[in-house]
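When we follow our numbering, the leftmost residue of the sequence shown carries the number 27, and every step to the right adds one. Here is the structure we will look at.
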Amino acid sequence: MIIDADVHISPVSEGNNSINVEELIKRMDKADVDKAITWLQPPYMREIKEANKYIYESSVRFPDRILGFGWVDPHFGLEESKNIIKRCIYEYNFYGIKLNGAQNSFFIDDPELALPLIEEIAKTGRILALHVGADDYERTHPFRVGKIAKMFPEVNILMVHMGGASFADLSHAAIEVAQECQNITLIGSAIRTIPIIRAIRTLGTRRVCFGSDTPFELMHVEVARYNALLNGEVSEDGKKDIMGGNIARLFKLKAL
């Protein structure tokens, strides 16, 4: 089973790269990807409720393919953001909530903006995903993820991009933080291959996951890249973990 751990879709056109769920399914079929963690593509305007709803509707249409995941922007205000979290979890039954301090311009460990929302997510028992990239290294630095992971040790955290998403990366820091915090899993999307191998060799195959960052990368090309990267580097069981098994375990999915 192959699970792509980083996919964005949008109900409306968001520039040349945006795709809808029908296009996503086509790309998954082409890449032989079984399931995908699917969150919104950040819209041009801040409003995200319709985009979250579209993820939900897509997960209902394609329940065996789309692993719905919510998104919250604290600039809506804490109460509204908490309501969005509750809707995503209790009405949409999403697997978790993502915060993107780079896209939405906030420090991911901000005690007034971010931490109250992370506390709300922790109450639900669901998964927290964080954009962690060198594209906005100050707001989304891995050491901030470490602080959050230690404050909420019961929360499983997906470190999306593991410090990449730029020409340079913060992968060394991401790996060091993950070594300290067992509740962090790295998503190797939008990052070069050498840091991914370094993470696997340091943390093992059960702490690193395949992700394509579709539509910003081509899913079938990223699958091929991972296959080339992992063949001969890890065992067949280790490859299965990275390419989908780890997410299946975290999300408590039934085997295909």
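Positions of the beta carbon are idealized from the N, C-alpha and C atoms, including for glycine. Predicted model, so just to flag it, every value in this text is computed and none were measured.
Handout entry: Cβ shell of C114 (< 7 Å), same chain only, five flanking positions each side left out
Key = For the purposes of this step, residue 114 is taken as residue 88 along the sequence shown, with counting starting at 1. Here the set comprises N78, G96, F120 and I123.
Exercise for the section: Spatial neighbours of N209 within its chain, please: CB distance less than 7 Å, with the 5 preceding and 5 following residues excluded, ordered by chain position. Expected result: Translated into positions along the sequence shown, residue 209 becomes position 183. Correct list, in chain order: A175, P179, V181, N182 and I183.
Exercise for the section: Since I believe T228 is in contact with Q205 (beta carbons under 8 Å), could you give me their beta-carbon distance rounded to a whole number of angstroms? Expected result: Working through the sequence shown from its first residue, we reach residue 205 at position 179. Working through the sequence shown from its first residue, we reach residue 228 at position 202. About 7 Å; that satisfies the 8 Å criterion.
Exercise for the section: Determine the burial state of D68: buried for a count of at least 16 other Cβ atoms within 10 Å of its Cβ, exposed for fewer. Expected result: Translated into positions along the sequence shown, residue 68 becomes position 42. The residue you asked about is not Asp; residue 68 is Pro in the sequence shown. The residue is buried, with at least 16 neighbouring Cβ atoms inside 10 Å.
Handout entry: Spatial neighbours of I217 in its chain, beta-carbon cut-off 8 Å, leaving aside the 5 residues before and after
Key = For this step, residue 217 is matched to residue 191 along the sequence shown. These residues qualify, in order along the chain: H187, M188, G189, G190, A191, D195 and S197.
Handout entry: Distance CB(I29)-CB(D58) smaller than 8 Å
Key = Position 3 of the sequence shown, counted from the start, is the residue given in the question as residue 29. Position 32 of the sequence shown, counted from the start, is the residue given in the question as residue 58. Contact flag unset, no.
Exercise for the section: Apply the 10 Å Cβ neighbour rule to S261 and answer buried if 16 or more other Cβ atoms are within range, or exposed otherwise. Expected result: The sequence position of residue 261 within the sequence shown is 235, counting from 1. It is exposed - the Cβ of S261 has fewer than 16 other Cβ atoms within 10 Å.
Problem - Endpoints, the alpha helix (DSSP H) within which A250 is located - result: Within the sequence shown, residue 250 is the residue found at index 224, counting from 1. Element bounds for A250: M245 to L256.
Handout entry: Cα-Cα separation between C207 and G172, rounded to whole angstroms
Key = Residue 207 sits at position 181 when you count from the first residue of the sequence shown. Residue 172 sits at position 146 when you count from the first residue of the sequence shown. Spanning the two alpha carbons is a distance of roughly 7 Å.
Practice task
Check whether the stretch 272–282 touches the stretch 33–51, counting contact only when three or more Cβ pairs, one atom from each stretch, lie closer than 8 Å.
Solution key: no
Practice task
Enumerate in chain order the residues of its own chain whose CB-to-CB distance from P241 is below 7 Å, with the five nearest sequence positions on each side excluded.
Solution key: For the purposes of this step, residue 241 is taken as the residue at position 215 of the sequence shown. These residues qualify, in order along the chain: H34, N43, S44 and I45.
Exercise for the section: May I ask you to report which of helix, strand or coil DSSP gives I213? Expected result: Counting from 1 along the sequence shown, the entry for residue 213 is found at position 187. It is a strand residue.
Exercise for the section: Could you name the residues that DSSP lists as bridge partners for G190? Expected result: Reading the sequence shown from its first residue, position 164 is the one you call residue 190. G190 pairs with G159.
Exercise for the section: State yes or no: is the C-beta of N130 within less than 8 Å of the C-beta of H101? Expected result: As a first step, residue 130 is located in the sequence shown; it is residue number 104 there, counting from the start. As a first step, residue 101 is located in the sequence shown; it is residue number 75 there, counting from the start. The answer is yes: Cβ separation under 8 Å.
Exercise for the section: Give the single residue among D90, G94 and R72 whose Cα lies nearest to the Cα of Y80. Expected result: The residue you call residue 80 lines up with position 54 of the sequence shown. Taking only the C-alpha atoms, the option nearest Y80 is G94.
Handout entry: Where the beta strand (DSSP E) through I45 begins and ends
Key = The residue you call residue 45 lines up with position 19 of the sequence shown. Per DSSP, I45 belongs to no beta strand (DSSP E) and is neither H nor E.
Problem - Closest by C-alpha distance to K61, when choosing among F88, I74 and E48 - result: Here residue 61 corresponds to residue number 35 of the sequence shown, with the count starting at 1. Checked all of F88, I74 and E48; the closest Cα to K61 is F88.
Handout entry: Check whether R165 and F193 have beta carbons under 8 Å apart
Key = In the sequence shown, counting from the first residue as 1, residue 165 sits at position 139. In the sequence shown, counting from the first residue as 1, residue 193 sits at position 167. Their beta carbons are not under 8 Å apart, which means R165 does not touch F193 by this criterion.
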